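Peer 1: Numbering (the working numbering), first residue to last: 2 to 242.
Where a beta carbon is used, it is the ideal one built from N, C-alpha and C, also for glycine.
In this text the structure is predicted, and so the values were computed from the model without any measurement.
Here you go, one structure.
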């Protein structure tokens, strides 16, 4: 290994964060830098237990930001989310899914860090974000700690994707499940398709709920008593009786 974990950039800040009481923790620039490197490379170098505590903390922060926006919006009167569960239940379920990774992070950790760094620019609401996070944390394959030299600067998303795909094709840093290497490129495609499908379902559900919540205007009966005029999307449509 090029450097010991104690010598890695941000290692001191991460260790201090890990030792700190959860109520006093802060997401500092040094800690953000660690996630930026993961988002830019698809690899990780720091101690997994410490890194997991950082991901858990940031996950809760992001979900809180989404939920506050959800409550402040037009649908804020509904305490339950589109999934039907309460916000505390959602946070608990996703955090437990993250905590279940003992040996190392999920192989989808790169996408996880991307969302945790710029959540609102990727998913506009908590429904889409929670579905994506759920899919990311449902995998079972994990990444081994990287032994390559730690990058001096985070890579852009495009170059990071090319590097990760290239390294996977060369069987470097491949995720493992029960000691068996997985066909990562295929799984990644399936993951994207699954997330996209659930996003579409979330959007459709939102549209249906918004339509259901619209106030229905009373129907009008014509003077001859033969036709009912019912408002449809703001326009009176004639319906024969």
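Check whether the Cβ atoms of residue 61 and residue 90 lie closer than 8 Å to each other.
Peer 2: In this structure, residue 90 does not lie closer than 8 Å to residue 61 by Cβ.
Peer 1: Where residue 27 and residue 41 are concerned, what is the direct C-alpha to C-alpha distance, given to the nearest angstrom?
Peer 2: Approximately 22 Å, taken between the alpha carbons.
Peer 1: Does residue 55 come out as helix, strand or coil in the three-state DSSP assignment?
Peer 2: Reduced to three states, the DSSP call for residue 55 is helix.
Peer 1: Kindly indicate which residue of 139, 22, 124, 10 has the alpha-carbon position closest to the one of residue 70.
Peer 2: If we check each option's Cα against that of residue 70, 124 comes out closest.
Peer 1: Starting from residue 120, follow the alpha helix (DSSP H) in both directions and report where the run begins and ends.
Peer 2: Start and end: 120 to 123.
Peer 1: Grab me the residues of residue 54's own chain with a C-beta within less than 6 Å of its C-beta, minus the 5 sequence neighbours each way, in chain order.
Peer 2: Taken in chain order, the residues that qualify are 19.
Peer 1: Where does residue 216 fall in DSSP's three states?
Peer 2: Caution is warranted here: a pLDDT of 44 is assigned to residue 216, below 50, making its placement in the model unreliable, and the coordinate value is therefore given only provisionally. Reduced to three states, the DSSP call for residue 216 is coil.
Peer 1: For the region 139 to 146 and the region 106 to 120, state whether three or more C-beta atom pairs, one from each stretch, are separated by less than 8 Å.
Peer 2: As far as the Cβ criterion goes, the region 139 to 146 touches the region 106 to 120, which means the pair count is three or higher.
Peer 1: Pull the bridge partners of residue 107 from the DSSP assignment, please.
Peer 2: Looking at the DSSP assignment, residue 107 forms a beta bridge with 143.
Peer 1: With H, G and I counted as helix, E and B as strand and the rest as coil, what does DSSP make of residue 33?
Peer 2: Residue state, collapsed to three classes: helix.
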